[in-house]
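Novice: Here you go, one structure.
2 protein chains.
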Amino acid sequence: MTDDGPRPVKTTKTSLALVRAVRDSDGATLSELAERLDLAKSTVHNHLHTLVDEGFLVRDGDTYHIGLQFLPFSEHARNRNPLYSTARQRVYSLAEKTGNEADFIVEENGRAYTLEYAIGESTARGLSESSPFRAGNRFHMHNCASGKAMLALLSDGRVREILDRWGLPATTAHTITDEATLFDELETIRRQGYATNDEELIDGYRSIGAAVTGPDDTVIGAFSVGGPAYRLAVDESSTREIAQLLLDEIDSLESELAL
Amino acid sequence: MTDDGPRPVKTTKTSLALVRAVRDSDGATLSELAERLDLAKSTVHNHLHTLVDEGFLVRDGDTYHIGLQFLPFSEHARNRNPLYSTARQRVYSLAEKTGNEADFIVEENGRAYTLEYAIGESTARGLSESSPFRAGNRFHMHNCASGKAMLALLSDGRVREILDRWGLPATTAHTITDEATLFDELETIRRQGYATNDEELIDGYRSIGAAVTGPDDTVIGAFSVGGPAYRLAVDESSTREIAQLLLDEIDSLESELAL
DNA sequence: CCTGCTGTTCACGTATTCCGAACGCTATAC
DNA sequence: GTATAGCGTTCGGAATACGTGAACAGCAGG
Chain B
20 MTDDGPRPVK TTKTSLALVR AVRDSDGATL SELAERLDLA KSTVHNHLHT LVDEGFLVRD
80 GDTYHIGLQF LPFSEHARNR NPLYSTARQR VYSLAEKTGN EADFIVEENG RAYTLEYAIG
140 ESTARGLSES SPFRAGNRFH MHNCASGKAM LALLSDGRVR EILDRWGLPA TTAHTITDEA
200 TLFDELETIR RQGYATNDEE LIDGYRSIGA AVTGPDDTVI GAFSVGGPAY RLAVDESSTR
260 EIAQLLLDEI DSLESELAL
Chain W
20 MTDDGPRPVK TTKTSLALVR AVRDSDGATL SELAERLDLA KSTVHNHLHT LVDEGFLVRD
80 GDTYHIGLQF LPFSEHARNR NPLYSTARQR VYSLAEKTGN EADFIVEENG RAYTLEYAIG
140 ESTARGLSES SPFRAGNRFH MHNCASGKAM LALLSDGRVR EILDRWGLPA TTAHTITDEA
200 TLFDELETIR RQGYATNDEE LIDGYRSIGA AVTGPDDTVI GAFSVGGPAY RLAVDESSTR
260 EIAQLLLDEI DSLESELAL
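So the protein lines, in turn, are chains B and W. Take the first sequence: its position 228, counting from 1, is numbered 247 in the working numbering, and each next residue is one higher. Take the second sequence: its position 178, counting from 1, is numbered 197 in the working numbering, and each next residue is one higher.
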């Protein structure tokens with residue numbers, strides 16, 4: 020699973036595993052972590068102190084939390100590609116125009132990361148607390164609309180590489196878990212120019228996504244618009260309407276990027 | 020300097036040093052990193068591969084970049100405290116009202132982190148590329164307005180702790196580098212309720228900041244409004260005007276938080 | 001073709017990490 | 001008030017796994 024080419028640095032891996040465990044448990048104590056990762060308390064102790072010293076963890080009483088030191092790095096990654104920043108702007112107008120949730124997603128290492136997220140109707144801009152789609156979340160490529168839209172534009176070889184690495188885990192009964200079915204779907208997506216996601220990621224959530232490509236036909240990322248199934252009708256026409264909105268926005272963006 | 024209580028985990032430290040070096044050089048090759056950190060190429064090789072495998076670095080040809088894997092963690096940290104999210108909203112209205120740059124900053128481990136940043140006049144919301152203040156940046160507490168505003172509300176003991184840990188490095192000729200002067204300044208800030216920064220961080224940049232406190236008088240964070248010195252007049256009245264705007268916004272926020 | 005630069009691999013020795021038991025400490029229960 | 005259970009902390013010792021440096025492969029340019 021975590022196939023590592025040469026000789027992985029185990030110590031670093033355990034440090035990172037600790038950080039991950041802290042995040043997933045939303046604050047954990049030393050003993051909890053030691054038990055969960057099956058490590059000696061003293062080992063965990065040393066790691067935690069090192070990570071706190073570096074600012075990646077914060078200690079509050081006896082529980083540890085994720086530190087803000089991650090921020091300078093994530094913002095660096097987010098802003099590294101100026102194309103990303105340009106694209107991110109568009110999320111807001113998409114959300115407003117459709118009155119639904121909109122996001123901009125990017126592929127890295129075979130996973131999809133949400134770079135920007137917005138809700139329509141809501142006046143509050145950055146407000147995106149409870150949503151499973153808020154910025155910074157990571158998805159598999161095969162069970163979200165944006166992910167599939169991007170996969171459809173990658174080479175078959177690359178797609179297989181990604182599937183081999185990350186598999187096709189199911190999150191709902193509708194998730195595509197079969198390679199052949201997925202490749203059929205990708206063909207459909209290529210034909211119609213956009214991808215749909217009908218409760219494949221989350222029950223009751225439906226979305227439509229389309230990819231952004233650069234001048235040299237490389238995939239930059241993808242936008243998607245989604246919402247509860249009761250609001251996004253299944254019928255062809257309303258899906259098309261949203262898809263058209265997406266494609267128009269992307270056209271406009273792509274010509275802006277071409278300058 | 021990097022005083023670590025018990026036995027620091029050296030391997031983790033070097034991994035993190037590598038990540039930092041990659042960020043600071045905005046993309047670096049293996050050999051560059053090996054030379055810069057004075058490590059064997061093979062060592063760097065193993066670390067880099069491990070970090071890529073974990074998603075914290077990305078390899079593009081032969082240069083390494085910061086990976087998006089930092090995002091899920093930074094967003095977690097950013098959203099952990101719901102108070103932060105509530106406060107962050109206010110940055111936008113501050114920026115619009117004053118027509119200047121506004122940010123919300125939080126203290127962690129003796130350092131100040133920008134959680135949200137906005138520019139007035141500009142219609143683009145998240146657009147905050149080139150500014151040294153954009154979200155995710157980290158500052159020392161003593162040379163920015165928000166930092167000083169927060170220091171003024173901490174106990175003397177805690178302030179000394181922070182100074183001991185991080186020092187008073189100068190970034191301009193106006194930076195306060197003397198402890199006694201700083202404590203005098205903090206007294207002034209407590210008296211007037213807000214802090215000013217007159218080119219102490221960046222030449223030509225002036226700002227005004229005030230801290231947000233919780234119901235139990237704990238310091239939550241601080242807002243600041245700033246801009247080029249030629250736009251933010253030095254005279255008392257205009258400073259007061261902005262300060263009043265800040266304090267009003269904070270009052271309103273604090274009563275919202277008290278619910 | 002050769003030189004200089006990448007990144008990669010590998011065997012070796014030693015420094016480092018990891019463990020486990022013992023210690024303080026606080027809070028709860030009795 | 002004492003005992004106990006839980007926490008984090010410290011420390012010595014042992015084996016692991018980290019770091020090194022030299023040798024290898026691939027590529028660009030002279």
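All C-beta atoms, glycine included, are put in the ideal place defined by N, C-alpha and C.
1) Is the Cβ of Asp122 of chain W closer than 8 Å to any Cβ of chain B?
2) Report the option in W:Val244, W:Glu180, W:Ala36 whose CA atom is closest to the CA atom of Leu76 of chain W.
3) Leaving out five residues on either side along the sequence, give the residues of the same chain with a beta carbon under 6 Å from the beta carbon of Leu70 of chain W.
4) Could you tell me whether any Cβ in chain B is nearer than 8 Å to the Cβ of Ala230 of chain W?
5) Would the stretch 117-128 of chain W count as touching the stretch 80-88 of chain B if we require 3 or more Cβ pairs under 8 Å?
6) Identify the contact partners of Pro91 of chain W in chain B, using a Cβ-Cβ distance below 7 Å as the criterion.
7) Less than 6 Å between C-beta atoms, sequence neighbours within five positions excluded: which residues of the same chain meet that for His66 of chain B?
8) Is Ala252 of chain B helix, strand or coil when you go by DSSP?
9) In this structure, how does DSSP classify Ala131 of chain B when only helix, strand and coil are distinguished?
10) Could you tell me if Leu264 of chain B is buried or exposed, where buried requires 16 or more neighbouring beta carbons within 10 angstroms of its beta carbon?
11) My guess is that Ser165 of chain W and Ser271 of chain W are in contact by the Cβ rule of under 8 Å, so how many angstroms apart are they, rounded?
12) With a 10 Å radius around its C-beta and 16 neighbouring C-beta atoms as the bar for buried, classify Arg274 of chain W as buried or exposed.
13) Please determine, among B:Ala53, B:Thr82, B:Arg39, B:Asp235, the residue with the shortest C-alpha to C-alpha distance to Thr73 of chain W.
14) Just the chain B side, please: which residues come within less than 7 Å of Glu127 of chain W by C-beta, in chain order?
15) Span of the alpha helix (DSSP H) holding Tyr103 of chain B?
16) Can a CB atom of chain W be found closer than 8 Å to the CB of Ala96 of chain B?
17) What are the residues that DSSP puts in a beta bridge with Asp222 of chain W?
18) Helix, strand or coil for Thr194 of chain W per DSSP?
19) Can you list the beta strand (DSSP E) stretches of 3 or more residues lying completely in the stretch 54-96 of chain B, in chain order?
20) Name, please, each residue of chain W whose Cβ falls closer than 9 Å to the Cβ of Arg99 of chain B.
21) Use the C-beta contact count for Thr207 of chain W: other C-beta atoms within 10 angstroms, 16 or more gives buried, fewer gives exposed.
22) In chain order, what residues of the same chain have a beta carbon less than 8 Å from the beta carbon of Glu51 of chain W, not counting five sequence neighbours either side?
23) On the three-state DSSP scale, how would you describe Val41 of chain W?
24) If I'm right that Ser226 of chain W touches Gly245 of chain W with Cβ under 8 Å, what's the distance once you round it to whole angstroms?
25) Quick one: what does DSSP say Tyr154 of chain W is sitting in, helix, strand or coil?
26) Please go through the same chain and pick out, in chain order, the residues whose beta-carbon is closer than 7 Å to the beta-carbon of Thr258 of chain B, but skip the five residues on each side of it.
27) In angstroms with no decimal places, state the Cα-to-Cα distance between Asn100 of chain W and Gly155 of chain W.
28) Closer than 6 Å by C-beta to Gly46 of chain B: which residues in its own chain qualify, once you throw out the five before and the five after it? Chain order, please.
29) At least one CB of chain B closer than 8 Å to the CB of Glu73 of chain W: is that the case?
30) Do Gly129 of chain W and Met160 of chain W count as a contact pair if the criterion is CB distance below 8 Å?
31) To which residues does DSSP link Ala137 of chain B through a beta bridge?
32) Taking Cβ positions, are Glu218 of chain B and Ala248 of chain B nearer each other than 8 Å?
33) According to the neighbour-count rule (16 or more other Cβ atoms, all chains shown, within 10 Å of its Cβ), is Glu54 of chain W buried or exposed?
34) Considering only C-alpha positions, which residue in the set W:Asp235, W:Phe92, W:Glu120, W:Glu180 is nearest to Arg153 of chain W?
35) Output needed in chain order: residues of the stretch 243-275 of chain B with a Cβ under 7 Å from some Cβ in chain W.
36) Please look up how many angstroms separate the CB atoms of Leu205 of chain B and Gly233 of chain B, rounded, as I've assumed it's under 8 Å.
Specialist: The short version:
1) no
2) W:Ala36
3) Leu76
4) no
5) yes
6) Gly155, Asn156, Arg157
7) Ser34, Leu37
8) coil
9) strand
10) buried
11) About 18 Å separates the two Cβ atoms, so there is no contact after all.
12) First, the amino acid is wrong: residue 274 of chain W is Ser here, not Arg. Result: exposed.
13) What sits at residue 73 of chain W in the sequence shown is Glu, not Thr. Comparing Cα-Cα distances from Glu73 of chain W to each of B:Ala53, B:Thr82, B:Arg39, B:Asp235, the minimum goes to B:Arg39.
14) Val77, Gly86, Leu87
15) 101-117
16) yes
17) Answer is none; Asp222 of chain W lacks a bridge partner.
18) coil
19) 76-79, 82-85
20) Asp45, Gly46, His84, Ile85
21) exposed
22) Ser44
23) helix
24) 3 Å
25) Looking at the sequence shown, residue 154 of chain W is not Tyr but Ala. In this structure, Ala154 of chain W counts as coil in the three-state DSSP scheme.
26) Thr215, Ile227
27) 16 Å
28) Thr82, His84
29) yes
30) yes
31) B:Ala121
32) yes
33) exposed
34) W:Glu120
35) none
36) Incorrect: roughly 20 Å between the Cβ atoms, too far for contact.
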